[in-house]
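Once you know that position 55 of the sequence shown is 54 in numbering that gives the first Met the number 0, the rest is easy, because the numbers rise by one and skip nothing.
Don't be surprised by glycine CBs; every beta carbon is placed ideally from N, CA and C.
The structure under discussion appears below in the form of structure tokens.
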Amino acid sequence: MKIQFCTLAISVLLSTSTFTRAQTPAPKPIENVAAGNVITGAAKKLGVIRCASRVEQHERFFSQQSNPVSALSFVAPRDANNRLFSLSSEIVEQNDSVYVSSTYAPSGNECAATYDLVKYWPNSCSEVASKVYFQFGNPTTLARNITALGRDPSVKVFLMPAGEGCVSIKKEIVF
């Protein structure tokens, strides 16, 4: 069953690859990045100027401990400066990695952005809530298994059980 699913996924990718290539460019890798403005520089080279300062702000925030960051960029095929720009990044920590998905949207003379920082913890979600994200307040359950923490309407942490551990998703919207 698993092999059939993979085969199906591959055949769907192959059958739509011409359409995808014609409509949008492939994501652009930005690899082996340490602290510095490499991601921001790459965004500028791709034509993302209006949101470059917001990209730089996130780049400094995510690489604040000099952890290597690698990213894959998603850019509009034309007029990139006036359209959504997205990055999928991996932040390498001592023993694990963190996934960050960030999206930037030019709006007037400003740039709104959002990011989701995803991390696996070997601890239970209640431990993660009380020891790591205690400043976000008490958890509330979304439906059944996912809890949300956060008093600020623009920053939330979602906790989801994953095997013996927990996956945290920190979501922030920046205006």
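{"Check": "Exposed unless 16 or more other CB atoms sit within 10 angstroms - verdict on Ala21", "Outcome": "Confidence at Ala21 is low in this model, with a pLDDT of 37, below 50, so the placement of that residue should be treated as unreliable; the coordinate-derived value is given next. Classification for Ala21: exposed."}
{"Check": "For Pro76: DSSP bridge partner residues", "Outcome": "In the DSSP output, where bridge partners are listed per residue, Pro76 has none listed."}
{"Check": "C-beta contact flag for Ala112 and Val173 at 8 Å", "Outcome": "yes"}
{"Check": "Secondary structure of Cys50, DSSP reduced to three states", "Outcome": "coil"}
{"Check": "Arg143 classed as buried or exposed, judged by whether at least 16 other C-beta atoms fall within 10 angstroms", "Outcome": "exposed"}
{"Check": "Which of helix, strand or coil DSSP assigns to Gly164", "Outcome": "strand"}
{"Check": "C-alpha gap between Ala184 and Val99, whole angstroms", "Outcome": "With the chain running from 0 to 174 in the structure shown, residue 184 is simply not present."}
{"Check": "Simplified DSSP assignment, three categories, for Ala147", "Outcome": "strand"}
{"Check": "Three-state secondary structure (DSSP) of Ser129", "Outcome": "helix"}
{"Check": "Per-residue burial, Thr146 [other beta carbons within 10 Å of its own, 16 or more giving buried]", "Outcome": "buried"}
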